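Under my numbering, the residues of the sequence shown are numbered 1436 to 1845, in order.
Ideal Cβ positions, reconstructed from N, Cα and C, are used throughout, including at glycine.
Just so it is clear, the structure is predicted and the values come from calculations on it, not from any experiment.
These notes concern the structure reproduced below.
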Amino acid sequence: MVIYLDHNATTPLDNSIGRIINTYSRFLYGNPSSPYQIGKISRAEVEKSREKVAKIINCRKNEVYFTSGGTESNNLAIQGLLSYFQKFGKTNTKKRIITTEIEHLSVLNIFKELSKGKNKDYDVVFLPVDKSGFVKLKEFKYSIDSNTVLISVMLANNEVGSIQPIKEMVKIAKSKNKNIVFHCDAVQGLGKVRIDVKDLGIDMLSISSHKIYGPKGVGALYIKKGTGIYPLFFGGHQEKGIRPGTENLVSIIAFGYACKLARENLERNIAVMTALKEFLKERLIRELSDIINIRINSPEKNCLPNTLNVCFKGIDSEILISLLSKQSVYVSSGSACTSDSLEPSHVLLAMGIPESLAHNAIRFSLGMENKKRDLIRTVKKIKKIILENNLNFNKTYNYSNKDINGTKNK
Ligand code: PLP
């Protein structure tokens, strides 16, 4: 039996959503833009779904724009805003744009791209984080100057789970200049943290369906009314011309239902995942501390309820992942987007974790179908793998714990 512990990469489809997809795919084939009945029914379903998405983040229905997922939402938000400024901006001064060093690659690589070239149009700031993965608010405050036009900070980190104080950051930013546009990548926060865009005070927010037990290839961008966005590509009038193309009808409907389920079950899901994570952490420490040094990389507080990032010191995570996978236990070393690269995690490096140790990181990201018995079996399998393959030969070395908060002996 498979034990899937990689829900931050993607979640399995919820059974009820699978049934919705089957039913709608068979019967609802109309183009939402068509004038006859099947088209009108499709349009009505898209709009019902928009309402469900709006409800989970507490915005108005007409502020939700469907996209193909988190990556596209992030690109539309950041690049769409900057090209709007280029088209309609009044001044030609070099603009400052701010992000963090621990963003998902779908944000980080846009900012890296914008920081390249001889005639840089942008003054790009990558904010550092502390050793628990949080942006330092003082540095954040000082990074904002009068030319700052855009700030993009993720709500929750996909690798370690740190949740940024977005509301406080927005307050700081807007008190310096109320015209700064604040974008937030909330792909990992959705369904695990209560999200209220009005309360946060943000201007744009990205979400994705496949992280909340919905289908892949669909997501949304919240754009606060009045925020200037220029489309990334051109076509018909769909999504008010901001994101043209025939709607991904059935996936959009399914995404709406996934949002409804996530909203209705939020408190319960948080409680279940928190308890599971605590159980896993305690088991790992109890069962493995004698044979291996363990370092917990996820913060104790203000962390996603399902995410536990752990270093098994001296054990190459790729080896452990591969041996676990042979026994049908699926975990990852970090972001799914970088899992085929042998580079150490940029998030762990930004947190000050030495490169050699960053190669020892395993991310457990739990989901609603996981049970305690899955976690007990997982820990047993890890122990067996370590002992049978003599992976803990390094344990005899005397580690310098100078910059490592080992959990052993705690
Ligand atoms: N942002 C974060 C924080 C993510 O974790 C991911 C996916 O892992 C994305 C964006 C990209 O979302 P999608 O896979 O829907 O393109």
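Is residue i buried or exposed, if buried means 16 or more other CB atoms sit within 10 Å of its CB?
i, result
"Asp-1379", "The structure shown does not extend to residue 1379, since the chain is modelled only from 1436 to 1845, so the question has no answer here."
"Asn-1510", "buried"
"Gln-1472", "exposed"
"Met-1786", "buried"
"Gln-1599", "buried"
"Ala-1444", "buried"
"Ser-1835", "Unreliable placement is indicated for Ser-1835, whose pLDDT of 40 sits below 50; the coordinate value is still reported in the next sentence. Exposed, because fewer than 16 other Cβ atoms sit within 10 Å of the Cβ of Ser-1835."
"Asn-1840", "Note on Asn-1840: pLDDT 42, under 50, position unreliable in the model; the coordinate value appears next. With fewer than 16 other Cβ atoms within 10 Å, it is exposed."
"Lys-1837", "Legend: pLDDT at Lys-1837 = 39, less than 50; position of this residue unreliable, value from coordinates given subsequently. Looking at its Cβ environment, which holds fewer than 16 other Cβ atoms inside 10 Å, Lys-1837 is exposed."
"Arg-1485", "buried"
"Ser-1800", "buried"
"Lys-1487", "buried"
"Ser-1780", "buried"
"Gly-1552", "exposed"
"Ser-1686", "buried"
"Thr-1813", "buried"
"Arg-1798", "buried"
Short of 8 Å in beta carbon distance, which residues of its chain neighbour residue i, apart from the five on each side in sequence? Order them along the chain.
i, result
"Gly-1505", "His-1539, Ser-1541, Asp-1620, Val-1622, Ser-1641, Ile-1642, Ser-1643, Lys-1646 and Gly-1654"
"Val-1605", "Phe-1617, Leu-1635, Gly-1636 and Ile-1637"
Is it the case that the CB of residue i approaches a heavy atom of the ligand PLP more closely than 7 Å?
i, result
"Thr-1526", "no"
"Gly-1676", "no"
"Asn-1443", "yes"
"Gly-1749", "no"
"Thr-1813", "no"
"Thr-1535", "no"
"Asn-1510", "no"
"Thr-1709", "no"
"Thr-1506", "yes"
"Asn-1741", "no"
"His-1781", "no"
"Met-1436", "no"
"Ser-1686", "no"
"Val-1622", "yes"
"Met-1589", "yes"
"Ser-1643", "yes"
Skipping 5 residues on each side, what residues in its chain have a beta carbon closer than 6 Å to that of residue i?
i, result
"Tyr-1557", "Lys-1530, Ile-1532 and Leu-1549"
"Ser-1763", "Val-1437"
"Lys-1611", "Ile-1579"
What are the start and end residues of the alpha helix (DSSP H) that includes residue i?
i, result
"Val-1488", "1472 to 1492"
"Asp-1809", "1807 to 1823"
"Thr-1709", "1701 to 1723"
"Val-1766", "No alpha helix (DSSP H) contains Val-1766, which DSSP labels as neither H nor E."
"Asp-1634", "1632 to 1635"
Using 8 Å for Cβ pairs, my map puts residue i next to residue j. What's the rounded Cβ distance?
i, j, result
"Gly-1615", "Ile-1455", "In the sequence as presented, Gly is not what sits at residue 1615; that position holds Ile. Contact doesn't hold; Cβ gap of about 40 Å is too wide."
"Ser-1451", "Pro-1467", "23 Å between Cβ atoms; not a contact."
"Thr-1535", "Val-1588", "6 Å"
"Gly-1624", "Ser-1733", "Contact doesn't hold; Cβ gap of about 15 Å is too wide."
"Val-1745", "Arg-1721", "Not really, about 13 Å apart at Cβ, beyond 8 Å."
Just reading off the beta strand (DSSP E) that residue i is part of, what are its end residues?
i, result
"Asn-1744", "1742 to 1747"
"Tyr-1500", "1499 to 1502"
"Arg-1531", "1530 to 1535"
Counting only the same chain and skipping the five closest in sequence on each side, list residues whose C-beta sits under 7 Å from that of residue i.
i, result
"Ser-1578", "Ile-1533, Val-1560 and Leu-1562"
"Pro-1740", "Lys-1627, Ile-1705, Met-1708, Thr-1709 and Lys-1712"
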